[in-house]
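Position one of the sequence shown corresponds to residue 22 (the numbering used here), numbered consecutively onward. Down below is the structure, laid out as structure tokens.
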Amino acid sequence: ISADGHPVAGSLVFSVGTPSQRTIPPEVSAPTQRGLQVAISAVQALVYLGMFLAVGLVIFRQLLLPTSTATEGARASLLTVARRGADVGIAASLLMLPLTTINQSGDGLSALFAARSWEVDLGNPEPVAAILAVVGLALAVTTSAIRQVQAALPLAGGALALGSLALVGHSRSFGPEPLVVATDVVHVLAGSVWFGGLVGLTIYTAHRRTLAAP
Numbered sequence: 022i023s024a025d026g027h028p029v030a031g032s033l034v035f036s037v038g039t040p041s042q043r044t045i046p047p048e049v050s051a052p053t054q055r056g057l058q059v060a061i062s063a064v065q066a067l068v069y070l071g072m073f074l075a076v077g078l079v080i081f082r083q084l085l086l087p088t089s090t091a092t093e094g095a096r097a098s099l100l101t102v103a104r105r106g107a108d109v110g111i112a113a114s115l116l117m118l119p120l121t122t123i124n125q126s127g128d129g130l131s132a133l134f135a136a137r138s139w140e141v142d143l144g145n146p147e148p149v150a151a152i153l154a155v156v157g158l159a160l161a162v163t164t165s166a167i168r169q170v171q172a173a174l175p176l177a178g179g180a181l182a183l184g185s186l187a188l189v190g191h192s193r194s195f196g197p198e199p200l201v202v203a204t205d206v207v208h209v210l211a212g213s214v215w216f217g218g219l220v221g222l223t224i225y226t227a228h229r230r231t232l233a234a235p
């Protein structure tokens with residue numbers, strides 16, 4: 022049993038009618054290597070960190086920060102940090118694809134350099150989620166820099182990126198699935214607004230102090 026309560030190895034023996042005189046034990050794959058576990062945890066943390074930072078700053082910049090000459094410097098800094106966060110989120114999302122394949126196949130971390138670990142099957146939710154994350158983050162930070170673009174477009178990109186997180190993970194294992202996925206999206210949206218808002222307030226406050234300094 023894994024840490025979250027899911028069965029990951031072993032067997033449950035049962036009989037229909039008279040028990041068999043001889044049973045064949047199932048083949049149990051080797052436990053996940055420690056290095057692979059650490060890599061998956063670290064990359065997954067970077068996915069959330071980069072995505073929360075980028076989308077949260079876009080929301081802060083588009084909806085909460087007033088547009089004026091006094092805020093131009095802060096707006097530029099917010100966009101720069103949001104782009105760096107998007108870079109991290111995109112790179113980590115793409116790196117999760119081979120790591121997930123390696124974890125499911127029972128290989129070690131050294132298989133990261135094997136071509137088979139990078140094969141993409143769009144029939145699985147992980148590649149689709151990665152594509153949505155890349156497109157959403159790129160759309161959010163790119164359109165935020167265009168003055169003529171309405172706020173809805175970068176916000177839609179952020180929503181697309183955050184929504185990709187609900188396509189994978191345990192939220193899809195429970196029902197009713199639409200309700201569970203919707204609450205998962207609201208959950209990550211709240212986390213993104215909170216984290217991006219803290220960073221955004223810090224950057225904005227620093228710029229105000231710089232302008233107020235003699």
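Just so it is clear, CB atoms sit at the ideal spot from N, CA and C, and this is done for glycine as well.
Are residue 182 and residue 120 touching if we call contact CB-CB under 8 Å?
no
Start and end of the alpha helix (DSSP H) containing residue 114?
93–126
Relative to the alpha-carbon of residue 130, which residue among 34, 57, 209, 140 has its alpha-carbon at the smallest distance?
57
Whose C-alpha, out of 92, 155, 184, 111, is nearest the C-alpha of residue 228?
92
Alpha carbon of residue 123 to alpha carbon of residue 133, nearest angstrom
7 Å
Suppose you measure from the CA of residue 115 to the CA of residue 230; what does that come to, to the nearest Å?
39 Å
What did DSSP end up calling residue 42 once you bin it into helix, strand or coil?
coil
Between the CA atoms of residue 142 and residue 177 - distance to the nearest angstrom
26 Å
Would you mind sorting residue 87 into buried or exposed? The rule is 16 or more other CB atoms within 10 Å of its CB.
exposed
In this structure, how does DSSP classify residue 164 when only helix, strand and coil are distinguished?
helix
Mark residue 125 as exposed unless 16 or more other C-beta atoms lie within 10 angstroms of its C-beta, in which case mark it buried.
exposed
Member of 185, 96, 113, 223 whose CA lies at the smallest distance from the CA of residue 82
96
Helix, strand or coil: which one does DSSP assign to residue 198?
helix
What did DSSP end up calling residue 205 once you bin it into helix, strand or coil?
helix
Report back the beta-carbon spacing between residue 77 and residue 110 to the nearest angstrom; my notes put them in contact at under 8 Å.
That pair is no contact at about 11 Å.
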